[in-house]
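The structure appears right after this line, and notes come after that.
2 protein chains.
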Amino acid sequence: MTVRRLSVYSRCLAQLEEDGMKTISSHELAARFHLNSAQVRKDLAYFGEFGIRGIGYDISTLRAELQRILGVDREWRVVLVGFGNLGSALFHYRGFARQGFRIAAIVDDDPAKVGRSASGLTILPLAELPRAVKAQEIQIGVVAVPAEVAQSVADRLVAAGVRAILNFAPARVKVPRDVRLQNVDLSIELENLSFHLAQGSR
Amino acid sequence: MTVRRLSVYSRCLAQLEEDGMKTISSHELAARFHLNSAQVRKDLAYFGEFGIRGIGYDISTLRAELQRILGVDREWRVVLVGFGNLGSALFHYRGFARQGFRIAAIVDDDPAKVGRSASGLTILPLAELPRAVKAQEIQIGVVAVPAEVAQSVADRLVAAGVRAILNFAPARVKVPRDVRLQNVDLSIELENLSFHLAQGSR
Numbered sequence: 001m002t003v004r005r006l007s008v009y010s011r012c013l014a015q016l017e018e019d020g021m022k023t024i025s026s027h028e029l030a031a032r033f034h035l036n037s038a039q040v041r042k043d044l045a046y047f048g049e050f051g052i053r054g055i056g057y058d059i060s061t062l063r064a065e066l067q068r069i070l071g072v073d074r075e076w077r078v079v080l081v082g083f084g085n086l087g088s089a090l091f092h093y094r095g096f097a098r099q100g101f102r103i104a105a106i107v108d109d110d111p112a113k114v115g116r117s118a119s120g121l122t123i124l125p126l127a128e129l130p131r132a133v134k135a136q137e138i139q140i141g142v143v144a145v146p147a148e149v150a151q152s153v154a155d156r157l158v159a160a161g162v163r164a165i166l167n168f169a170p171a172r173v174k175v176p177r178d179v180r181l182q183n184v185d186l187s188i189e190l191e192n193l194s195f196h197l198a199q200g201s202r
Numbered sequence: 203m204t205v206r207r208l209s210v211y212s213r214c215l216a217q218l219e220e221d222g223m224k225t226i227s228s229h230e231l232a233a234r235f236h237l238n239s240a241q242v243r244k245d246l247a248y249f250g251e252f253g254i255r256g257i258g259y260d261i262s263t264l265r266a267e268l269q270r271i272l273g274v275d276r277e278w279r280v281v282l283v284g285f286g287n288l289g290s291a292l293f294h295y296r297g298f299a300r301q302g303f304r305i306a307a308i309v310d311d312d313p314a315k316v317g318r319s320a321s322g323l324t325i326l327p328l329a330e331l332p333r334a335v336k337a338q339e340i341q342i343g344v345v346a347v348p349a350e351v352a353q354s355v356a357d358r359l360v361a362a363g364v365r366a367i368l369n370f371a372p373a374r375v376k377v378p379r380d381v382r383l384q385n386v387d388l389s390i391e392l393e394n395l396s397f398h399l400a401q402g403s404r
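Protein sequences, first through last, are from chains V and X.
All residue numbers for the first sequence refer to the working numbering, where the first residue is 1 and numbers rise by one.
All residue numbers for the second sequence refer to the working numbering, where the first residue is 203 and numbers rise by one.
Dropping the structure here:
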């Protein structure tokens with residue numbers, strides 16, 4: 001939850017930097033982006049050293065510190081497993097690169113896709129996964145495959161040595177404790193929405 | 203959170219139905235899908251009427267009831283605003299249709315896209331949004347535009363009369379209390395992942 005707030009602050013500061021601003025107070029930041037003022041003050045107090053009494057925070061210094069904490073000041077190497085609709089959308093999603101996630105390999109088990117090229121990357125067969133992870137020093141696996149094969153793909157990624165998995169398949173997968181798992185399940189988001197709509201129309 | 207669990211149960215039951223099973227106990231369901239057994243028992247007890255002592259739950263009846271509660275037993279009409287990489291991926295994402303979300307209109311303000319056809323739907327200019335929402339009886343707006351214009355698009359959707367917004371833009375948007383807002387921010391998911399990787403490597 002705190003990570004989520006750091007993400008939001010980081011994005012707000014990027015916006016302010018683009019707008020050419022140099023400093024901002026926590027109160028001003030909260031007002032501008034409709035955030036909870038007391039919460040922002042409390043969160044940013046943690047970065048007290050970057051605040052200047054009466055003026056506020058130096059925007060670029062604070063942002064750089066947030067990015068360091070969020071780990072987005074460095075490059076993470078990613079293998080994308082599954083190059084269907086969702087996989088290719090993710091591949092072209094500029095937000096990945098912007099946050100230092102570089103797709104270094106694409107894997108798909110469809111023989112029609114293997115060997116094809118996507119922006120200079122050759123799509124590899126699943127059997128090549130371990131070699132690609134090692135050769136490209138890949139830390140993160142993105143799972144964009146159908147639900148039925150999500151667990152077996154996750155298992156292969158773990159065996160190949162990734163440290164984190166971002167799972168887009170609408171399926172629960174299990175990973176060992178030392179591998180970080182993040183699920184982005186659109187089905188659940190959709191059902192959450194339709195649940196509230198359905199309740200509201202009763 | 204409970205909605206999330208209902209979503210998961212609904213998906214598990216769909217899987218069991220596909221596998222040809224007729225009944226299942228809460229204990230068996232938990233074991234099969236690596237869920238918390240006590241939690242499943244407690245959650246499903248709410249649907250007591252569908253349980254048969256000593257046998258368990260009738261899978262298709264329980265699933266139909268969950269789908270009704272989740273609101274995915276009916277059709278929700280959706281307008282997709284933004285037909286870039288993410289928008290077109292969402293348009294082709296089969297999960298939408300599977301859960302009763304039917305994209306009834308596409309809107310984009312890029313003159314190069316307006317008038318083009320996507321699977322039989324003509325891409326409309328932003329100015330046509332109010333008319334499309336009314337004519338197509340659209341309840342949900344999907345925002346897949348850049349962060350800078352997310353709020354203005356959300357405002358236009360609200361003014362046009364949608365009851366819910368699914369926001370994929372990496373920006374916070376504000377909507378009136380009576381409009382349901384669901385954010386799916388990939389940037390935040392990515393930062394959550396890189397945060398934990400960065401912490402782990404210290």
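We put the CB at the ideal spot given by N, CA and C, even for glycine.
As the structure is a prediction and not an experimental result, all values here were calculated from the model.
*asked:* Let me check one thing: in DSSP terms, what residues is Thr-324(X) bridge-paired to?
replied: Locating residue 324(X) in the second sequence gives position 122, where the first residue counts as 1. Looking at the DSSP assignment, Thr-324(X) forms a beta bridge with Ser-319(X).
*Given a limit of 7 Å on CB to CB distance, which residues of the stretch 30–42 of chain V reach chain X?*
Considering only beta carbons, the part of the stretch 30–42 of chain V lying closer than 7 Å to chain X consists of Phe-33 and His-34, in chain order.
*Rank Phe-249(X), Gly-258(X), Phe-303(X) and Tyr-211(X) by C-alpha distance to the C-alpha of Leu-368(X) and give the top, closest one.*
Position 166 of the second sequence, counted from the first residue, corresponds to residue 368(X). If we check each option's Cα against that of Leu-368(X), Phe-303(X) comes out closest.
*Whose CA, out of Asp-221(X), Pro-327(X) and Gly-273(X), lies closest to the CA of Arg-313(X)?*
In the second sequence, residue 313(X) corresponds to position 111, counting from 1. The sequence shown places Pro at residue 313(X), not Arg. Minimum Cα distance to Pro-313(X) is reached at Pro-327(X).
*chain V contact for Leu-331(X) (CB, 8 Å cutoff)*: The count along the second sequence starts at 1 and reaches residue 331(X) at position 129. So, not an interface residue.
*How would you call Asp-221(X), buried or exposed, if buried means at least 16 neighbouring beta carbons within 10 angstroms?*
Looking up residue 221(X) in the second sequence gives position 19. Per the 10 Å Cβ criterion, exposed.
*How many angstroms separate the CA atom of Leu-282(X) from the CA atom of Ile-305(X)?*
By one-based count along the second sequence, residue 282(X) stands at place 80. By one-based count along the second sequence, residue 305(X) stands at place 103. Leu-282(X) and Ile-305(X): Cα-Cα distance of roughly 7 Å.
*Which word fits Gln-341(X), buried or exposed, when buried means at least 16 other C-beta atoms lie within 10 angstroms of its C-beta?*
Here residue 341(X) is taken as the residue at index 139 of the second sequence, counted from 1. So Gln-341(X) counts as buried.
_What are the residues in the stretch 358–391 of chain X lying within 7 Å of chain V by C-beta distance?_
The residues in question are Arg-365, Ala-366, Leu-368, Pro-372, Arg-374, Lys-376, Arg-382, Gln-384, Val-386, Leu-388, Ser-389, Ile-390 and Glu-391.
*asked:* Quick check on Tyr-397(X) - is its C-beta less than 8 Å from some C-beta in chain V?
replied: Position 195 of the second sequence holds residue 397(X). For the sequence presented, residue 397(X) should be read as Phe rather than Tyr. Yes, contact with chain V.
*Do Gly-363(X) and Val-335(X) have their C-beta atoms closer together than 8 Å?*
In the second sequence, the residue the question calls residue 363(X) occupies position 161. In the second sequence, the residue the question calls residue 335(X) occupies position 133. A contact, by the Cβ cut-off of 8 Å.
*Hey, is Val-149(V)'s beta-carbon within less than 8 Å of any beta-carbon in chain X?*
Position 149 of the first sequence, counting from 1, holds the residue named residue 149(V). Chain X contact via Cβ: absent.
_What ranges does the beta strand (DSSP E) occupy inside the stretch 323–388 of chain X, keeping only unbroken runs of at least 3 residues that lie completely in it?_
Here the runs fully enclosed are 323–326, 342–345, 366–369 and 382–385.
_With a threshold of 6 Å on Cβ separation, who are the neighbours of Met-1(V) within its own chain once the five nearest residues in sequence on each side are excluded?_
For the purposes of this step, residue 1(V) is taken as the residue at position 1 of the first sequence. Summary for Met-1(V): the model assigns pLDDT 48, below 50, so the residue's position carries little reliability; its value from the coordinates is reported in the next sentence. Cβ within range, chain order: n/a, list empty.
*Quick one: what's Thr-225(X) bridged to in DSSP?*
Here residue 225(X) is taken as the residue at index 23 of the second sequence, counted from 1. Residue pairing from DSSP places Thr-225(X) in a beta bridge opposite Asp-260(X).
_Under 7 Å from the C-beta of Ser-7(V): neighbouring residues of chain X_ = Here residue 7(V) is taken as the residue at index 7 of the first sequence, counted from 1. Ordered by position in chain X, the residues that pass the 7 Å Cβ test against Ser-7(V) are Ser-389, Ile-390 and Glu-393.
_Assigned exposure category for Ile-254(X) - 16 Cβ within 10 Å defines buried_ = Here residue 254(X) refers to the residue found at position 52 of the second sequence. By the neighbour-count rule (16 or more Cβ atoms within 10 Å), Ile-254(X) is not buried but exposed.
*Taking the alpha carbon of Phe-249(X) as the point to measure from, which residue in Ala-233(X), Ser-227(X) and Asp-357(X) has its own alpha carbon closest?*
The count along the second sequence starts at 1 and reaches residue 249(X) at position 47. Nearest C-alpha to Phe-249(X): Ser-227(X).
*asked:* I need the straight-line Cα distance from Arg-5(V) to Ala-247(X), nearest angstrom please.
replied: Locating residue 5(V) in the first sequence gives position 5, counting from the first residue. Locating residue 247(X) in the second sequence gives position 45, counting from the first residue. Each residue's alpha carbon lies about 36 Å from the other.
*Determine the DSSP secondary structure at Asn-242(X), reduced to helix, strand or coil.*
Here residue 242(X) is taken as the residue at index 40 of the second sequence, counted from 1. Residue identity differs from the one stated: residue 242(X) is Val in this sequence, not Asn. Val-242(X): helix per DSSP, three-state reduction.
*Work out the CA separation of Arg-270(X) and Asp-260(X) for me, nearest whole Å.*
To locate residue 260(X), count along the second sequence from 1; it is residue 58. To locate residue 270(X), count along the second sequence from 1; it is residue 68. Each residue's CA atom was taken as its position, placing Asp-260(X) and Arg-270(X) some 16 Å apart.
*For the putative contact between His-34(V) and Arg-374(X), defined by C-beta atoms under 8 Å, what is the C-beta separation to the nearest angstrom?*
Along the first sequence, one-based indexing puts residue 34(V) at 34. Along the second sequence, one-based indexing puts residue 374(X) at 172. The Cβ separation is near 7 Å, so the contact holds.
*May I have the straight-line CA-CA distance separating Arg-234(X) from Ala-240(X), to the nearest angstrom?*
Numbered from its first residue, the second sequence carries residue 234(X) at position 32. Numbered from its first residue, the second sequence carries residue 240(X) at position 38. Take the alpha-carbon of Arg-234(X) and the one of Ala-240(X): they are about 14 Å apart.
*Express the C-alpha separation of Gly-289(X) and Ala-371(X) in angstroms, rounding to a whole number.*
Sequence index remark: in the second sequence, residue 371(X) carries index 169 (1-based). Sequence index remark: in the second sequence, residue 289(X) carries index 87 (1-based). One C-alpha to the other measures close to 10 Å.
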